[in-house]
Every structure is written in structure tokens, then in C-alpha cells.
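Student: Sharing a structure with you now.
Number of protein chains: 2
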Amino acid sequence: MALPYAILAVLTQRPYSGYDLAKCFDSTVGFIWSASHQQIYRELTKLAAQHYVRSEPIPQEGRPNKKLYSITAAGQAALQAWVLEPSPAHPLRDELLIKLFSGSLVPKDAIVTALKQRYRQHRISLEAYQTRAQRYSLNPVALSDAEKLKYATIRAGIHYEMAKLSWCEETIRLLIG
Amino acid sequence: MALPYAILAVLTQRPYSGYDLAKCFDSTVGFIWSASHQQIYRELTKLAAQHYVRSEPIPQEGRPNKKLYSITAAGQAALQAWVLEPSPAHPLRDELLIKLFSGSLVPKDAIVTALKQRYRQHRISLEAYQTRAQRYSLNPVALSDAEKLKYATIRAGIHYEMAKLSWCEETIRLLIG
DNA sequence: TAACCCATGTAACCTGTTACATGATTAA
DNA sequence: TTAATCATGTAACAGGTTACATGGGTTA
Numbered sequence: 001m002a003l004p005y006a007i008l009a010v011l012t013q014r015p016y017s018g019y020d021l022a023k024c025f026d027s028t029v030g031f032i033w034s035a036s037h038q039q040i041y042r043e044l045t046k047l048a049a050q051h052y053v054r055s056e057p058i059p060q061e062g063r064p065n066k067k068l069y070s071i072t073a074a075g076q077a078a079l080q081a082w083v084l085e086p087s088p089a090h091p092l093r094d095e096l097l098i099k100l101f102s103g104s105l106v107p108k109d110a111i112v113t114a115l116k117q118r119y120r121q122h123r124i125s126l127e128a129y130q131t132r133a134q135r136y137s138l139n140p141v142a143l144s145d146a147e148k149l150k151y152a153t154i155r156a157g158i159h160y161e162m163a164k165l166s167w168c169e170e171t172i173r174l175l176i177g
Numbered sequence: 178m179a180l181p182y183a184i185l186a187v188l189t190q191r192p193y194s195g196y197d198l199a200k201c202f203d204s205t206v207g208f209i210w211s212a213s214h215q216q217i218y219r220e221l222t223k224l225a226a227q228h229y230v231r232s233e234p235i236p237q238e239g240r241p242n243k244k245l246y247s248i249t250a251a252g253q254a255a256l257q258a259w260v261l262e263p264s265p266a267h268p269l270r271d272e273l274l275i276k277l278f279s280g281s282l283v284p285k286d287a288i289v290t291a292l293k294q295r296y297r298q299h300r301i302s303l304e305a306y307q308t309r310a311q312r313y314s315l316n317p318v319a320l321s322d323a324e325k326l327k328y329a330t331i332r333a334g335i336h337y338e339m340a341k342l343s344w345c346e347e348t349i350r351l352l353i354g
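For the record, the sequence lines run as chains A and B. Each residue of the first sequence is one higher than the one before, counting from 1 in the numbering used here. Each residue of the second sequence is one higher than the one before, counting from 178 in the numbering used here.
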């Protein structure tokens, strides 16, 4: 239920074509809610049917035409109403936990190796979030409200990755210690 | 891709009917990977078609018959092989973050209220994990390997909920401070 | 009498992933 | 010449959610 609103959120900033949306998604909300270009085209079609977005054909020379999508007043109202709805917390869902649950079936080393590999993945993700946070983190209190909100989304990623990292460390120690 | 293996993991302990699986799922792997009874029946049918589980009809008086499912040797082998596969880290996905991203559309109070509500939800989840952890946490180092693995899955939940809680606190402070 | 438990399922729908398709332009 | 980029999409499938269906037994 969140993807259409993520798209509307991006279109609030300025109009985009589906192609551009798919590309810039990573640099805007994509690190919160990633989506493939197929999903984005599908959602844009649905959003247009609901009159939440409107598309304008942009003819181009030498390359395929664009469809430039912009958010409508109805779309903005829908987005605003959605933002005001409560969002239930998603439970932790991680395949690795089921693997630990059945971990007695395999050598302990294999589990420890999996945890170490996971640790490395989370370090990489953490660094990506930290890079993103740099432009806000010098003096967070001085930020505008809008910037504080954006910064908070990045901080969520940092908290999340750090929690995963410390869990990996702790579990490796518990198993080999 | 994880649900069938979660089911196999539970069936490793003892045979279950679909109904009992659906019920006991919460008390075993359900807190890691919850599933509705419809999903479980569907997966059991698929697992039986793959010969990973076998069902035995149990006639009952006065109430509907059961189908008792047990894991086969092939099922056990498949589970074991799956446990050895690497599991990619799932990125953080949380609707609330998209709402923060578009938070400038609504009064700041609404966002703070949403964060406080979220905080309460995570406190409740944390307490559930902590209750579950009690039987392991007195002296974790003395646990058997199998128990350590189960304990680690609960610790993952505790780390996760605590990260969410401290993010909520921090963000509320950032916004109102 | 109404609601819930036991025990099984079907059907429809939404979201996400993967693969495939087209056809021109540009850079290595 | 090969690959990548621009720009759009279709098709098929897997996984999860919600609603509906049946029908006897138990509890309030």
C-alpha cells in the first residue's frame, strides 16, 4: 500500500517521467522503499486511472518520447490523508533467523560464517546511510523542519543497521565463545 | 522463499496438522515469520507435491478429521541445504519513513503523535521478546548450542525493537526540541 | 440463542520479482 | 562491433492478505 504514495511523494517535488522516477528513486525515497521500473510503470498507470497523477507527452528528437507525470490536487489530498493515517509497525522478518532456528542441522562453523557474511553486508549498508547523513549531521538542531524529517529517515537506517551489526557480533561471540 | 522452510523447521520437531501448525506457529517460528492458516495450507499442499512432507489422515469422532503432516527424508535434506545457503540482508522497509518524507504536508504535531504511537507499539513488542528471552537469559553461556541458536533469534528481535525505540525517541526530540 | 472452537479449504486480489520485447543513439 | 543508455512496456509467477465457505461441537 506504500509504493503509490512513495511515488506521489516524489512527484510532489517536481514532475517526472516513469523512466526518470525509476532512476531517481534510489536517490530520493528508494533507500526507504526501493522499486523496479516495472513496478513504477504499473503504479503510474493505476495512479493515472485514479486521477491522482496526470501525464503529458513530451516529444523528443532522436530518442523515445517521454510521458511526464505530475501530481494532481486529488493526488496531493490523497497523499496528505495517507500521511495522517497510523502506520502499524512491521515485525522483524529475516530468513537468517529461520536458518538459526534450524541451525542444529548443520555444522556450527557454517552458521558462524553466515553471521560473519551478514555482518559485512550490514557494514556496507551502514556506511551508505552514514554518507547520506553527512550533509545533515553537522548541526541537526539547526535544520529546517523539512530537513529534520529527511534526516530522521536516514537515522532510522543507521539505527537499524547498527542493531543488526551488534546482534551479529553478539551472536558470533555467544556461539564460539 | 522462506515460509516452506519455516514449516519444515517446525515439522522437524514433531508432526503437525495444518490447523495445529497455524496455531502453534506463533509460539515457535511465528514470531520470526508469521503466517496465516491459508498460507500454511497452501504451502503444505505444495510441500506434499514435492514429497518434502507426507500426510496421514487421522479420523476423529465428533470433529473433522485431521491430516497429520510429517517431514520426509527429502524434506530434511532440502531444509539442510537451504540453511547452508547465504541469506541476503533485507533492507529496512517502513511506511512511516515515507510518511516522514512527506511530513511537511501535515502539521508537525501529527508526525510527533505518529512517532509516539509507534513508540508504544515497539515497547509492547519488546516486552513480548523479553518475556520469551527469560528462560534463556539467566546464563546464556551455559546453554546448549541448540538453545543458544533459539536464544539468538529472540535477541535479534530485542535488538530490532530497541533500535526502533531509540530512533523514535531521538526523532521526537529532534522535532520538538 | 449467539458466539466461538475445531478443521479444512477456495477465490480474488495486491505487491514484488524476473524475464522478455522494442528500437534508436552514443560511447568504448 | 559491442555494450550501454534512453524510454516504454507486457507476461508470468511467487508470496501475502482478505474474504468467503462448510458444518458439527462447546460454552456463555
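The beta-carbon is built from N, C-alpha and C at its ideal position, and this holds for glycine as well.
1) For chain B, find out if any of its Cβ atoms is closer than 9 Å to the Cβ of Tyr25/A; answer yes or no.
2) I believe Cys345/B touches Tyr296/B by the beta-carbon criterion, under 8 Å. Please report the beta-carbon distance rounded to the nearest angstrom.
3) Which residue or residues does DSSP assign as beta-bridge partners of Pro234/B?
4) With DSSP as the reference, label Tyr229/B as helix, strand or coil.
5) Taking only beta-carbon atoms, is Arg309/B less than 9 Å away from chain A?
6) Is Ser137/A helix, strand or coil when you go by DSSP?
7) For Tyr160/A, decide whether its Cβ has a neighbour in chain B, counting only Cβ atoms nearer than 9 Å.
8) Please list the terminal residues of the continuous alpha helix (DSSP H) segment that includes Ala126/B.
9) Going by CA-CA distance only, name the one from Ser343/B, Leu274/B and Met339/B that's closest to Pro86/A.
10) Ser17/A by DSSP, collapsed to three states: which one?
11) Quick one: residues in its chain with C-beta nearer than 7 Å to the C-beta of Ser302/B, no 5 flanking neighbours on either side, listed in chain order?
12) Since Lys293/B meets chain A, which of its residues come closer than 7 Å, beta carbon to beta carbon?
13) Using the beta-carbon count (16 or more within 10 Å), is Glu272/B buried or exposed?
14) Below 8 Å, can you find three or more Cβ-Cβ pairs linking the stretch 247 to 259 of chain B to the stretch 221 to 234 of chain B?
15) Leaving aside the five residues before and after Leu165/A along the sequence, list all residues of the same chain whose C-beta is less than 8 Å from its C-beta, in chain order.
16) Which whole runs of the beta strand (DSSP E) in the stretch 83 to 117 of chain A are 3 residues long or more, in chain order?
17) Of the choices Leu84/A, Tyr151/A and Asp145/A, whose alpha-carbon is the least far from that of Tyr136/A?
18) In the stretch 142 to 156 of chain A, which residues sit with their C-beta less than 8 Å from some C-beta in chain B, listed in chain order?
19) Are the stretch 11 to 19 of chain A and the stretch 31 to 47 of chain A in contact at 8 Å, needing three or more beta carbon pairs?
20) Spell out a yes or no on whether the stretch 103 to 120 of chain A and the stretch 230 to 249 of chain B are touching, meaning 3 or more CB-CB pairs, one atom from each, closer than 8 Å.
Tutor: Considering the structure as presented:
1) It should be pointed out that residue 25/A corresponds to Phe in this sequence rather than to Tyr. No - not a single Cβ of chain B is within 9 Å of the one on Phe25/A.
2) 4 Å
3) Lys244/B
4) coil
5) no
6) helix
7) yes
8) The structure shown does not extend to residue 126/B, since chain B spans only 178 to 354, so no value can be given for it.
9) Leu274/B
10) strand
11) Glu338
12) Result: empty, since nearest Cβ-Cβ is about 11 Å, beyond 7 Å.
13) buried
14) yes
15) Tyr119, His122, Arg123 and Leu126
16) none
17) Tyr151/A
18) Asp145, Ala146, Lys148, Leu149, Lys150, Tyr151, Ala152, Thr153, Arg155 and Ala156
19) yes
20) no
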